[in-house]
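Single-structure report; data block below.
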Amino acid sequence: MVVDVLLAAGVTFELLCCIGVLVMRTTHDRLHYAAAGSTVPAFLVLAAVLVREHLSSGGLDAIAAVALAFFLNPVLLVATARVARRIDGHEVPDA
Amino acid sequence: MNAFAVAAMVLLAGFVPLGIVALRSRPIDGLVALEAGGTLTVLILLCLAEGLHRSFEFGIAVVAALLSWVSGLVFARFLGRWL
């Protein structure tokens, strides 16, 4: 039962993030939803997996996958936001 | 079919809006959709690995998380410099 609730919430939030990427008008607004996809929904799905797998090797792999997505995604989104600003004609200091 | 397999299939529907953005919007918006798709792929692989009871396949989700990040950076660099 716990797994079902966690999965339903995780899937719902993830699909809402995908729809947000579609519905939003500007690139920067879309970036918000793309970023949100690797936070709450990912941890809800991870929690569901850990309820089943506990800390087995599969559970540790799942923690690694979600941690990678959670910690690396902001770097990627900032890089994308800088590119979007440059494409829109704003001056962006070189990194 | 268990809850994880159902969750994986429902998550696949998330690629429809992302595909629409990638096809109809500017390249930079397509990149944003690609990045969101990378996260979606990681979650689908997690659900499939658990739903099919193949715990060794969780490693694929780890590789997917890493490679979708690298590919996003490559595209961002490409869009920023040469287009």
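Protein chains in written order, with the numbering used here: chain A, 1 to 95; chain U, 96 to 178. No residue lacks a Cβ here, since even glycine has one placed at the ideal position from N, Cα and C.
- Residues of the region 145-176 of chain U with a Cβ closer than 7 Å to any Cβ of chain A, in chain order: Glu145, Ser150, Phe153, Gly154, Ala156, Val157, Ala160, Leu161, Trp164, Gly167, Leu168, Ala171, Leu174 and Gly175.
- At a cut-off of 7 Å between beta carbons, Arg85 (chain A) makes no contact with chain U.
- Residue A:Val11 holds the alpha-carbon nearest to the alpha-carbon of Leu135 (chain U) among A:Arg86, A:Val49 and A:Val11.
- When secondary structure is reduced to three states using DSSP, Met1 (chain A) falls in the coil class, being assigned neither helix nor strand.
- Interface annotation for the region 108-129 of chain U against chain A: Ala108, Gly109, Pro112, Leu113, Ile115, Val116, Ile123, Asp124, Leu126, Val127 and Ala128, criterion Cβ-Cβ distance under 7 Å.
- Below the 7 Å Cβ cutoff, chain U contributes no neighbours of Ala9 (chain A), its closest Cβ being approximately 11 Å away.
- For Thr39 (chain A), the secondary structure class from DSSP, reduced to helix, strand or coil, is coil.
- In the same chain as Ile123 (chain U), and ignoring 5 residues on each side of it, the C-beta atoms closer than 7 Å to its own belong to Leu174, in chain order.
- Apart from the 5 residues on each side of it in sequence, Val21 (chain A) sits with its Cβ closer than 7 Å to the Cβ of Arg30, Tyr33 and Ala34 in its chain, given in chain order.
- For Thr27 (chain A), the secondary structure class from DSSP, reduced to helix, strand or coil, is helix.
- Leu140 (chain U) is not a Cβ neighbour of Ala117 (chain U), given a cutoff of 7 Å.
- When the Cα atoms are used, Arg52 (chain A) and Phe43 (chain A) turn out to be separated by approximately 14 Å.
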